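Colleague: Got a structure for you, questions after.
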């Protein structure tokens, strides 16, 4: 690896830090693989196996220590005399996680056995027991938040992020949403939905209200989304006074109306002899002349013949006999 110098002040030059090269990743992976296979080792031992200088190995070890995948310890039983004591480099759990593992396969095998022996209820009991510790760890952070479910969801999102869920919470018009961008048991929950159901119940208890799961990573969604309902809002017209079932009429009641005058004033004729005013003879106009049928009947009574009819309606030609 090439290194360059940087001039400082009045001309003194100091070596610059070497820039990382493209082969740093594979080399560091080989270092962690040796620590995984052979256990803790010194930098000199690693350099001999890799075929590089101890200085180059120390540079990779320092980078692995800074990322938390390797830790440095003093070798036990080494005398602390003059000189630098021997140091051993150990692989941490974070460093082990870079290698393939079969945790999901082990969990699936165990839950399949539980389901075969005890059915779905037994799987649900295992899921609830597994999430009991998570609920206990998150409850302390949630209890310090205000009482509103949306505010408690904000605190719960921070606690779940510390547990590796990469969670966030946001307020919406109908309440709030809790989003989990990572699910540590997604592959197992895809076969056993009891894990998602138990987790939803834990979220509901922590925020203090009934929640609804809208999406899950286990079922192919990009994020686990939980809806948190807000307070029930009253309709705008609920505070308005409602009309009475039988409102009082605005006009006076019939019995309260004044009776019409009986002397013919106000255009109302008095009732006489039990005859209504609108049926009196003087209140309607008769025809100016008798109708044709009455005229023919009058001539028959006088001994004459009936006049020819001018109506277009066909009539009987037989001579009518007077009664």
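Numbering (the working numbering), first residue to last: -15 to 307.
Idealized CB from N, CA, C, for every residue including glycine.
This one's a predicted model, so the numbers in the text were calculated from it and none came from an experiment.
Which partner residues of residue 210 appear in the DSSP bridge assignment?
Modeller: 162, 197, per the DSSP bridge assignment.
Colleague: Measure how close the beta-carbons of residue 112 and residue 59 come, nearest whole angstrom, since I'm counting them as under 8 Å.
Modeller: So it is not a contact: roughly 46 Å between Cβ atoms.
Colleague: Give a yes or no on contact between the segment 134 to 146 and the segment 160 to 171, applying the rule of three or more CB pairs nearer than 8 Å.
Modeller: These segments touch.
Colleague: Can you give me the start and stop residues for the alpha helix (DSSP H) that residue 113 sits inside?
Modeller: Taken as a continuous stretch (DSSP letters only), the alpha helix (DSSP H) holding residue 113 covers 104 to 127.
Colleague: Go ahead and label residue 133 buried or exposed: buried means 16 or more other beta carbons lie within 10 angstroms of its beta carbon, across all protein chains shown.
Modeller: So residue 133 counts as buried.
Colleague: In or out: residue 258 buried (at least 16 other Cβ within 10 Å) or exposed?
Modeller: Reliability of the predicted coordinates at residue 258 is poor, the pLDDT of 48 falling under 50, and the value obtained from them is presented with this limitation in mind. Per the 10 Å Cβ criterion, exposed.
Colleague: Kindly list the residues whose CB is nearer than 8 Å to the CB of residue 72, restricted to its own chain and excluding five residues on each side of it in sequence; keep chain order.
Modeller: Counting only Cβ-Cβ distances below 8 Å, and skipping sequence neighbours, we find 24, 25, 26, 56, 57, 58, 59.
Colleague: Nearest to residue 109 by CA position, among 95, 121, 122, 118, is which residue?
Modeller: The candidate whose alpha carbon is nearest that of residue 109 is 95.
Colleague: Compare the C-alpha of residue 186 against each of 126, 45, 146 and name the closest.
Modeller: The shortest Cα separation from residue 186 among 126, 45, 146 belongs to 126.
Colleague: Cutting at 8 Å between CB atoms, please list the residues of its own chain near residue 100, excluding the five before and the five after it.
Modeller: Answer for residue 100: no residue qualifies.
Colleague: Going by DSSP in three states, residue 83 sits in which element: helix, strand or coil?
Modeller: Of the three classes helix, strand and coil, the one that applies to residue 83 here is coil, per DSSP.
Colleague: What span of residues does the beta strand (DSSP E) with residue 50 cover, start to end?
Modeller: Segment 38 to 50 is the alpha helix (DSSP H) holding residue 50; no beta strand (DSSP E) there.
Colleague: To the nearest angstrom, how far is the alpha carbon of residue 191 from that of residue 145?
Modeller: Rounded to the nearest angstrom, the two C-alpha atoms are 16 Å apart.
Colleague: Starting from the Cα of residue 214, find the closest Cα among 32, 160, 18 and give me that residue.
Modeller: The residue with the shortest Cα to Cα distance from residue 214 is 160.
Colleague: When we look at the beta-carbon of residue 30 and count the other beta-carbons within 10 Å, is it buried (16 or more) or exposed?
Modeller: Residue 30 is buried by the Cβ-count criterion.
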